[in-house]
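Residue numbers (the numbering used here): 59 to 517.
C-beta: ideal position from N, C-alpha, C; glycine also.
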Ligand SMILES: Cc1ncc(COP(=O)(O)O)c(C=O)c1O
């Protein structure tokens with residue numbers, strides 16, 4: 059796709075006076091990914107005029123970069139950035155890392171290429187057609203009533219959440235939920251919050267940035283260790299009960315009861331982050347913890363793992379004693395979430411589009427997971443996959459003694475972006491890699507595992 063290149067000038071040295079300066083700066087922009095595949099470059103005449111250099115300086119730099127494979131020159135359509143995932147290395151290769159990952163196996167995104175664009179567009183059209191003019195004024199800070207009604211129904215049906223439309227607040231993704239809740243907790247005297255260890259790095263960082271001290275509590279094969287939680291001074295805890303992040307453990311029924319007992323005895327609060335529970339493959343659905351005591355559990359959900367993080371749409375099901383304070387915070391925070399997108403999501407839920415998308419992607423994710431596991435079993439038989447029955451990622455347990463952070467770095471050098479388990483924990487109990495597979499096709503996953511195996515063996 060041809061792109062506007064007016065911002066391009068800022069990528070270059072001001073008035074470079076040598077051919078190599080133009081060439082070097084262009085190469086740097088390419089390698090850092092600021093010039094993406096398909097971008098059309100200005101003509102040599104235009105760029106030379108912008109930079110105040112001789113035209114021949116630019117043509118020579120273009121020719122050199124075409125020779126190196128960064129650029130493609132076609133008669134009649136100018137010079138474009140070559141559509142490739144990796145760049146050749148040259149003498150003056152600057153950043154050691156490739157600008158675009160050959161394989162991006164981080165967790166966090168679903169299959170963005172499978173986003174139901176046509177249905178989402180249709181939902182927007184239907185929503186906008188149906189909304190009365192008054193609905194285009196400032197939104198209800200608790201959320202669009204039509205969406206809250208659909209969600210109460212959906213969450214009850216799919217996650218066994220006990221929520222009425224009145225208990226739900228629509229948020230701009232879980233991230234906003236953490237911000238609002240941290241604020242309200244602090245106003246109520248909380249200074250710390252217990253968080254599973256290992257845990258989701260971003261959630262942990264967010265809680266800290268909102269002024270709560272994060273106290274790690276270990277996780278074992280049954281989920282959060284409630285005995286260890288009880289030994290802390292915290293009166294709030296953040297858990298991923300249906301699919302522990304990142305280990306994938308389901309919180310055991312006995313632990314669930316213990317956790318609710320803890321909350322009742324401590325006058326405490328449980329924040330349940332139900333981030334990817336709809337994605338399960340070989341086990342029955344596990345209902346939300348929230349239903350055990352909706353007065354003690356805040357339930358948090360998001361469209362980020364089902365549709366796309368770019369939507370920034372999520373929800374909280376709140377105990378009555380917190381609801382008004384959270385809505386008030388939301389009002390002061392951003393005056394409410396955008397109504398049209400909420401109405402579109404309500405339409406998607408009402409017409410079954412959300413469920414259909416889930417069914418379609420479940421098949422896709424199962425194939426991807428199986429491809430990953432098969433490849434690991436054949437190329438890295440000593441590695442043990444953990445938490446494979448659900449979600450969009452697995453943990454690969456590495457042989458004892460492996461330095462997972464060193465492996466992460468070595469893989470990055472080869473263009474594989476994957477995080478070591480050590481990043482997620484204060485007390486590493488074993489080395490591992492946390493591998494997100496949802497956004498990568500089976501063939502690419504197999505290729506990635508071959509690269510990972512080669513790098514591992516070379517360490
Ligand atoms: C554990 C966990 N919680 C929540 C989220 C989603 O956050 P948000 O709704 O802000 O996109 C993610 C996404 O990566 C996650 O991994």
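Under 8 Å between C-beta atoms of residue i and residue j
| i | j | result |
| --- | --- | --- |
| residue 197 | residue 394 | yes |
| residue 139 | residue 131 | no |
| residue 507 | residue 469 | no |
| residue 297 | residue 280 | no |
| residue 450 | residue 165 | yes |
| residue 498 | residue 161 | yes |
| residue 275 | residue 252 | yes |
| residue 478 | residue 338 | no |
| residue 168 | residue 366 | yes |
| residue 219 | residue 346 | yes |
| residue 509 | residue 474 | yes |
| residue 250 | residue 331 | no |
| residue 291 | residue 321 | no |
| residue 380 | residue 355 | no |
| residue 476 | residue 456 | no |
| residue 454 | residue 511 | no |
| residue 245 | residue 282 | no |
| residue 221 | residue 375 | yes |
| residue 426 | residue 503 | yes |
| residue 119 | residue 84 | yes |
| residue 384 | residue 273 | no |
Residue environment, residue i, which counts as buried when at least 16 other CB atoms sit within 10 Å
| i | result |
| --- | --- |
| residue 390 | exposed |
| residue 277 | buried |
| residue 103 | exposed |
| residue 302 | buried |
| residue 421 | exposed |
| residue 195 | exposed |
| residue 109 | buried |
| residue 179 | exposed |
| residue 115 | buried |
| residue 458 | exposed |
| residue 312 | exposed |
| residue 334 | buried |
| residue 517 | exposed |
| residue 397 | buried |
| residue 429 | buried |
| residue 150 | The predicted position of residue 150 is uncertain, since its pLDDT is 42 and thus under 50; no value can be drawn from it. |
| residue 515 | exposed |
| residue 59 | Residue placement at residue 59 is flagged as unreliable, the pLDDT there being 39, under the threshold of 50; a coordinate-derived value is accordingly withheld. |
| residue 494 | buried |
| residue 191 | exposed |
| residue 29 | Here the chain comprises residues numbered 59 to 517, so residue 29 is not present and cannot be evaluated. |
| residue 484 | exposed |
| residue 471 | exposed |
| residue 170 | exposed |
| residue 183 | exposed |
| residue 489 | buried |
| residue 225 | buried |
| residue 133 | exposed |
| residue 187 | exposed |
Rounded separation between residue i and residue j - CA only
| i | j | result |
| --- | --- | --- |
| residue 257 | residue 377 | 24 Å |
| residue 443 | residue 262 | 24 Å |
| residue 238 | residue 412 | 27 Å |
| residue 200 | residue 264 | 22 Å |
| residue 359 | residue 372 | 5 Å |
| residue 505 | residue 461 | 23 Å |
| residue 405 | residue 364 | 16 Å |
| residue 431 | residue 86 | 37 Å |
| residue 99 | residue 137 | 6 Å |
| residue 214 | residue 305 | 26 Å |
| residue 89 | residue 117 | 20 Å |
| residue 344 | residue 217 | 8 Å |
| residue 315 | residue 94 | 52 Å |
| residue 407 | residue 336 | 14 Å |
| residue 111 | residue 80 | 9 Å |
| residue 487 | residue 418 | 36 Å |
| residue 205 | residue 388 | 17 Å |
| residue 326 | residue 353 | 10 Å |
| residue 482 | residue 259 | 6 Å |
Within-8 Å CB hit, residue i to chain C
| i | result |
| --- | --- |
| residue 437 | Here chain C cannot be found, since the structure has a single protein chain. |
Proximity test, residue i beta-carbon vs ligand 2 heavy atom, cut-off 7 Å
| i | result |
| --- | --- |
| residue 281 | Judged by which ligands are present, ligand 2 is missing from the structure shown, whose ligands are ligand 1. |
- [ ] Note down, one range per segment and in chain order, each beta strand (DSSP E) of at least 3 residues found wholly within the stretch 237 to 276.
- [x] 250 to 255
Open item on the list: Which runs of the beta strand (DSSP E) at least 3 residues long sit entirely within the stretch 276 to 306? Give them in chain order.
Closed with: 294 to 297
- [ ] Starting from the N-terminal side, write out each stretch of the beta strand (DSSP E) that is 3 residues or longer and does not extend beyond the stretch 109 to 145.
- [x] 129 to 132 and 136 to 139
Open item on the list: Which complete alpha helix (DSSP H) runs does the stretch 406 to 473 hold, if anything under 4 residues is left out?
Closed with: 411 to 437 and 462 to 471
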